[in-house]
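Residue numbers (the numbering used here), protein chains in the order written: chain B, 4 to 97; chain G, 4 to 97. What follows is a set of notes on a single structure, which appears directly below.
2 protein chains.
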Amino acid sequence: MAERAADNVVFIGRKPTMSYVMAVLTQLNDKGQTEIKIRARGKAISTAVDVAEIVKNRFVKELVYKDIKIGTEELEGENKEKLNVSTIDLVLGK
Amino acid sequence: MAERAADNVVFIGRKPTMSYVMAVLTQLNDKGQTEIKIRARGKAISTAVDVAEIVKNRFVKELVYKDIKIGTEELEGENKEKLNVSTIDLVLGK
Chain B
4 MAERAADNVV FIGRKPTMSY VMAVLTQLND KGQTEIKIRA RGKAISTAVD
54 VAEIVKNRFV KELVYKDIKI GTEELEGENK EKLNVSTIDL VLGK
Chain G
4 MAERAADNVV FIGRKPTMSY VMAVLTQLND KGQTEIKIRA RGKAISTAVD
54 VAEIVKNRFV KELVYKDIKI GTEELEGENK EKLNVSTIDL VLGK
C-alpha cells in the first residue's frame with residue numbers, strides 16, 4: 004500500500020497516531036518542507052485531526068492551518084456497488 | 004446528556020450517522036435556520052464529517068462550508084489526569 008503520493012503528503016491509515024506524527028515531523032525537519040498535507044478518509048479522519056493537532060500543539064508551534072478541505076470520494080465495493088466515503092485534507096504550514 | 008447547546012448546533016455522539024443527519028435537516032427545515040453548526044470531538048469527528056457531507060450532497064445541495072475549525076480541548080480523566088481531545092466545528096450555510 005502506498006503511504007505517500009508526494010513527499011509533502013502524509014496519508015493516514017490504521018497505524019498508531021504517533022507513527023503519523025513522526026512521519027509529519029520527518030517531512031518538516033529532515034526534508035525541509037514548510038508545508039505539509041495530511042490526508043485521510045472514513046474513520047481515519049479522526050486520527051488525521053489528532054495528528055495535525057499533536058504536531059501543531061506539541062512539536063512545531065509555529066504551524067497554522069493553511070487550508071482544510073472536506074469532500075466525498077466514490078469507491079467501488081466488493082460487489083461493484085458504489086460506496087461514498089468522506090475525505091479530509093489538512094494543510095499545515097509555517 | 005445534553006445533545007444541543009443552542010438550536011443551530013448539533014453535537015455528534017455515538018448514535019447512527021443518519022440520526023444526526025435527521026437532526027440537522029430538522030433544524031434547517033422546520034426551524035428555518037440558514038446556518039447550522041456540527042460539533043464533535045475524538046472519534047466522533049469522522050461521523051461529523053460524514054453527517055455534513057451527506058446533508059450537503061444528498062439533501063440540501065445549496066449548502067456550503069462557511070467555516071471549518073479544528074482544535075484541542077483538555078478534559079479531566081477518571082483519576083484527575085489531563086486528557087487532550089481533538090475537536091471539530093463545521094459550519095454549513097446557504
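Think of the CB as a built atom: it goes at the ideal place given N, C-alpha and C, for glycine as much as any other residue. A quick note: this is a predicted structure, and the numbers were derived from the prediction, not measured.
Taking every protein chain shown into account, the CB of R17/B has fewer than 16 other CB atoms within 10 angstroms, so this residue is exposed. With a cutoff of 7 Å on beta-carbon distance, L95/B and V88/B are scored as not near each other. At least one CB of chain B lies nearer than 7 Å to the CB of S49/G. Comparing alpha-carbon positions, the option among G80/B, E81/B, N32/B, L93/B lying closest to V54/B turns out to be L93/B. Rounded to whole angstroms, T90/B and T50/G show a C-alpha spacing of 11 Å. Contact of A55/B with chain G by beta-carbon distance below 9 Å involves I73, S89. In the three-state DSSP reduction, E81/G falls in the coil class, being neither helix nor strand. V63/B is outside the set of residues whose beta carbon lies under 7 Å from a beta carbon in chain G. For the region 13-36 of chain B, there are no residues whose beta carbon sits under 7 Å from a beta carbon of chain G. Cβ contact annotation for A47/B (same chain, cutoff 8 Å, sequence separation greater than five): I15, G16, R17, in chain order.
Sorting P19/B, G45/B, V67/B by C-alpha distance to the C-alpha of I39/B places V67/B at the top. L86/B sits exposed, since fewer than 16 C-beta atoms from the chains shown fall within 10 Å of its C-beta. In the structure shown, the three-state DSSP call for D53/G is helix.
R44/B sits buried, since 16 or more C-beta atoms from the chains shown fall within 10 Å of its C-beta. Close CB contacts of Q36/B within its chain, under the 6 Å cut and outside five residues either way in sequence, are with N11, Q30 (chain order). DSSP, read as helix, strand or coil, puts L31/G in helix. As computed with DSSP, S89/G is found in a beta bridge with T75/G. Counting along the chain, R42/B sits inside the beta strand (DSSP E) bounded by residues 38-44.
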